[in-house]
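2 protein chains.
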Amino acid sequence: MAMIPDRLDATFTALADPTRRAIVARLAAGDATVNELAAPFSMSLPGISKHLKVLERCGLISRTRHAQFRPCHLRAEALDEALGWIEENRRIWAERFDKLDAHLRGLQQSAPDRRRS
Amino acid sequence: MAMIPDRLDATFTALADPTRRAIVARLAAGDATVNELAAPFSMSLPGISKHLKVLERCGLISRTRHAQFRPCHLRAEALDEALGWIEENRRIWAERFDKLDAHLRGLQQSAPDRRRS
DNA sequence: AAGGTACTTAACTTGACAGCTAACTAACCA
DNA sequence: TGGTTAGTTAGCTGTCAAGTTAAGTACCTT
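Sequences listed follow chains B and H, in order. For this note's numbering, add 104 to where a residue sits in the first sequence, where the first one is 1. For this note's numbering, add 104 to where a residue sits in the second sequence, where the first one is 1.
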């Protein structure tokens, strides 16, 4: 299923660039052609083309062909993969405190009159 | 509030490296010293030290000092920043289809008997 | 005070990546 | 057929990041 060996590496690398994040954000609102995507930036078209290649390689976008246009499409599944990794670790982190709370409650219950002894 | 100019860039860059992601995952389970973090890797200690610096610079970890140990602590808020960016764009992406659905329902409602005409 | 433990800093090599211009391909248009 | 539009590929440059070893700092132990 993986398009390249370390997809998660590639996905986070892709998202690390502000131009690419802006492109992803633009595509979240709807498909767009290369020139449309390039318009907001003061960057050469080949530069944008390279960024799109990076996004495509990690599966964040897919491209089709209509006449001389190559509309880009955001693949939310790829976004979900990165989302999943962060959420998972966020969850594990949060669990520590739940366990600590439970532990403290347990202590309190097994020695409820400690303060008065 | 930002620790460095483009924190989000730095955070995604930090998460792009598999060694650093493994360190983050380890720290999600609880604080650890540098040597504890280094143990699972076949990498020199200075290498690990550099990775920790990257994680610290973007705010993903904080470090204190106890005797000669420097325990590392995961800062979930930094994780939340990256999480927030992806979630937001994921949400915008999903909304398109909600709107499309609504639009299609609207069309169907304004011309409910088209098929029978 | 001497030695060990836990790191960090310095200095270097290597490789990847962002950006550019110039040149190419592919489809449409007149 | 010749030009225009849309985009990619090639080739270059400068910067930055990952890894290394060797040396330094800081604290504890005896």
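Even glycine gets a Cβ: it sits at the ideal position worked out from N, Cα and C. Please read all numbers here as calculations on a predicted model, not as lab measurements.
At a CB-CB cut-off below 8 angstroms, which residues of chain H make contact with VAL128/B? Per Cβ cutoff of 8 angstroms: ASN193.
Could you give the DSSP three-state label for SER166/H: helix, strand or coil? strand
Name the residues in the region 132-153 of chain H whose C-beta lies less than 9 angstroms from a C-beta of chain B; which are they? Only ALA132, ALA133 and GLY134 from the region 132-153 of chain H bring a Cβ to less than 9 angstroms from some Cβ of chain B.
Since GLU117/H meets chain B, which of its residues come closer than 7 angstroms, beta carbon to beta carbon? The sequence given here places Thr at residue 117/H; Glu does not occur at that position. Ordered by position in chain B, the residues that pass the 7 angstroms Cβ test against THR117/H are ALA120.
ILE165/H and LEU178/H: beta carbons closer than 7 angstroms? yes
State the DSSP-derived secondary structure class of GLU145/H, mapped to helix, strand or coil. Per the sequence presented here, residue 145/H reads as Phe, with Glu not at that position. DSSP places PHE145/H in coil when its eight states are reduced to three.
Partners in chain H for ALA180/B, counting only beta-carbon separations shorter than 7 angstroms: ARG194 and TRP197
Quick check on the DSSP output: what are the complete alpha helix (DSSP H) runs of length 4 or more inside the region 112-145 of chain B, in order along the chain? 122-132 and 138-142
Please tell me whether ALA186/B has its Cβ less than 7 angstroms away from any Cβ of chain H. Look at ALA186/B: its C-beta is under 7 angstroms from a C-beta on chain H.
Bridge partner(s) assigned by DSSP for HIS177/H: SER166/H
Under a Cβ-count criterion, where at least 16 other Cβ atoms within 10 Å of its own Cβ denotes burial, should THR117/H be classed as buried or exposed? buried
CB contact below 7 angstroms: ASP202/B versus chain H: no
If CYS162/B and ARG111/B are in contact, beta carbons under 8 angstroms, what's the gap, nearest whole angstrom? 6 angstroms
Under 8 angstroms Cβ to Cβ from ALA132/H, same chain only, skipping five residues before and after it: list those, please. LEU178
Does the structure place the region 141-160 of chain B close enough to the region 152-162 of chain H that three or more beta carbon pairs sit under 8 angstroms? no
Whose C-alpha, out of ASP202/H, ARG209/H and ALA186/H, is nearest the C-alpha of ASP121/B? Ranking ASP202/H, ARG209/H and ALA186/H by Cα distance to ASP121/B puts ALA186/H first.
Using the rule of at least 16 other Cβ atoms within 10 Å of the residue's Cβ for burial, across every protein chain shown, is LEU141/B buried or exposed? buried
Please tell me whether LEU156/H has its Cβ less than 7 angstroms away from any Cβ of chain B. no
CA-to-CA distance, THR115/B to VAL128/B, given in whole angstroms: 12 angstroms
Simplified DSSP state of ASP205/B, which is helix, strand or coil: helix
Could you confirm whether any beta carbon from chain B is found closer than 7 angstroms to the beta carbon of ILE165/H? no
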